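Everything below concerns the one structure shown next.
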Amino acid sequence: MNNTKTNPTKNQTQTACIRTFGCQMNVHDSDRMRRMLIEAGYEEVERYEDADLVILNTCYVRENAVDRVRGHLGELNRLKREGKVKKVALTGCIGAAEEGGELKEQYGIDLVLGTHNTYELASFIGLPNMEETFTPDLPGMKGQHSAFVTIMTGCNYQCSYCIVPTVRGRMICRPLENVLGEVKELVESGTKYITLLGQTVDAWRQKGLRFCDLLERVSEIAPRVWFTTSHPSNMEDRTLELIGRKDNIVKRLHLPVQSGSDRMLKMMHRGYKAERYRRKIEVFRENVPDGTLSTDIIAGHPGETEEDHQRTLELVEDCGFDAAYIFKFSPRRGTEAAEMPGRVPEEVVQRRFLEILRAVEGNALKRNREKIGAEEEIYIRHPRGEDGIAIGETWSGHAVHVETDASPGEYVRARVNSAGPHVLYAEEI
Ligand code: SAH
Ligand code: SF4
Ligand code: F3S
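Now the structure itself:
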């Protein structure tokens, strides 16, 4: 019976499973915890039932993020009762909120850590204290074809609806030398694609240096570069020109607008008017004619009228987004918007959400169809699956499905055959 599929290592080595929710900050933090686990001698496993320790690295930005985590906690409690899982830890943004403590009580979680004391995981898994090393400056993982590099943590804005500043704290910019040092090490270890990461990367500053200076320096070292996410109030024309000028910066701009109505933008404390956003997009289109543009939009923030909603639909038409992440307003405990009058009824939010979605997708499909017949150089991100299809990205930042044997980090030339609203389908040539 030597081919039975049990986990032979389970009783010898300690095993751990990390589940990541939320944005790339969490993906990056999970990588750091993974390094700690490896150092402590843990083996990483995919399934909860094979894990001695399960870490849920959580997101708090909208209520459905919490609902998902509750589902997982329920399942983990069952596995714990059956003796399959020994310990459960909850980290990340829920851990940094009051709700972290409440979930701990409710589900009997063994360890709850916030975003500012994640290093305490060390003593929990038998490592010496790592307070000094688990700072915003701790690098991520090496040896991957593409990697995130944190350039700032936290956020100095106070958008009415947003919990991120509460759970991530104020902005800390990572020094230029340290960013460049990590990029260099990564590139030397074989990384081909660097994504600069932060909640408002374009707010990065250091003694007279600004984000565009940092981006330019990174683009001189790394073969391929992108950055996310940006705030319209910090986005400089110089940065938009740089994206157009440098061949190895991916020509996709993610610039969250949230609403097309000045009244709403003001209520949200976004710090810009719709007209200023439109002008930024014009500068982007002029400098980066082959670029793609994506955004975030919130439907149904308190006080949003039909008139405000129409302004958003107009802005969507005018800007011609290639993609948008549209969110239904979700009240977050402790934020200004959660206390505001004028809550929009759920069915109205749902209709507005769908109207925005339809407008964005119609436009995205139209723009993607214009690419049919084009020959593109495609960076492979995920290797072919059983269907033979690999997932890649054009220099303009379109997602592409292409039949190829190429490995992640390699480029293939391909012709676009057809297009959907979210993806291009191409054939290798
Ligand atoms: N720092 C980024 C956003 C991070 S959160 C920025 O400012 O662009 C990602 C997105 O989630 C936001 O852009 C916003 O569209 C959405 N979001 C944040 N809080 C929300 C809430 N309470 N309800 C609905 N959507 C929200
Ligand atoms: Fe949240 Fe606004 Fe900061 Fe973005 S800029 S993280 S939406 S507070
Ligand atoms: Fe969520 Fe925290 Fe990111 S709340 S969006 S995981 S910063």
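Per this note's numbering, the sequence shown runs over residues 36 to 464.
We put the CB at the ideal spot given by N, CA and C, even for glycine.
Since the model is a prediction, treat every value here as computed from it, not as a measurement.
- Between the segment 322-329 and the segment 364-374 there are fewer than three inter-stretch CB-CB distances shorter than 8 Å, so the stretches are not counted as touching.
- By the C-beta criterion, the segment 435-451 is judged to be in contact with the segment 406-422, since at least 3 inter-stretch pairs fall below 8 Å.
- Secondary structure note for Tyr446: its beta strand (DSSP E) is the uninterrupted segment Tyr446 to Ala454.
- Only residues of its own chain outside the window of five on either side were considered, and among them Pro267 and Val292 have a CB closer than 6 Å to the CB of Tyr312, listed in chain order.
- Residue state for Arg419 is assigned as coil, using DSSP reduced to three classes.
- Set against 6 Å, the gap from the CB of Tyr196 to the closest heavy atom of ligand 3 is not smaller.
- In terms of CA proximity to Asp272, Arg314 leads the group Glu341, Arg259 and Arg314.
- Here DSSP, grouped into helix, strand and coil, assigns Val260 to strand.
- Within the same chain, and ignoring the five residues on either side of Ile333 in sequence, the residues whose Cβ sits closer than 6 Å to its Cβ are Gln293, Phe362 and Phe364.
- A distance below 8 Å between beta-carbons, with the five flanking residues on each side excluded, links Arg450 to the following residues of its chain, in chain order: Gly408, Ala409, Glu410, Glu411, Ala461, Glu462 and Ile464.
- Relative to ligand 3, Asn152 has its C-beta separated by 6 Å or more from all heavy atoms.
- Rounded to the nearest angstrom, the gap between the Cα atoms of Asp248 and Asp66 is 27 Å.
- DSSP, read as helix, strand or coil, puts Ser158 in helix.
- Secondary structure note for Leu148: it is in no alpha helix (DSSP H), with a DSSP letter that is neither H nor E.
- Ile284 places its beta carbon less than 7 Å from that of Val260.
- Exposed is the label assigned to Lys242, since fewer than 16 other Cβ atoms lie within 10 Å of its Cβ.
- In the three-state reduction of the DSSP assignment, Ala100 falls in the helix class.
- Under the three-state reduction of DSSP, Gln193 is assigned to coil, being neither helix nor strand.
- Pairing Tyr77 with Ile129 gives a Cβ-Cβ distance that is not under 7 Å.
- The closest CA to that of His289, considering only Gly295, Ser296, Ser265 and Met270, is found on Ser265.
- Secondary structure of Leu249 (DSSP, three-state): helix.
- By the Cβ neighbour-count rule, Ile73 is exposed, with fewer than 16 other Cβ atoms within 10 Å of its own.
- By the neighbour-count criterion, in which 16 or more other beta carbons inside 10 Å mark a residue as buried, Ser224 falls on the exposed side.
- Beta-bridge analysis with DSSP links Gln241 to Leu244.
- Val351 and Ala394 do touch by the CB rule: their CB atoms are close to 5 Å apart, below 8 Å.
- Buried is the label assigned to Ser195, since at least 16 other Cβ atoms lie within 10 Å of its Cβ.
- A distance below 7 Å between beta-carbons, with the five flanking residues on each side excluded, links Ala75 to the following residues of its chain, in chain order: Ile160, Gly161 and Leu162.
- A distance below 7 Å separates the beta carbons of Gly335 and Arg387.
- Taking the Cα positions, Met71 is about 13 Å away from Leu88.
- Taking the Cβ of Asn61 as the reference point, at least one heavy atom of ligand 3 falls within a distance shorter than 6 Å.
- DSSP places Ala409 in the coil class of the three-state scheme, outside both helix and strand.
- Of the heavy atoms belonging to ligand 2, at least one sits nearer than 6 Å to the Cβ of His266.
- Contact check for His180 against Lys227 passes: the beta carbons are separated by less than 7 Å.
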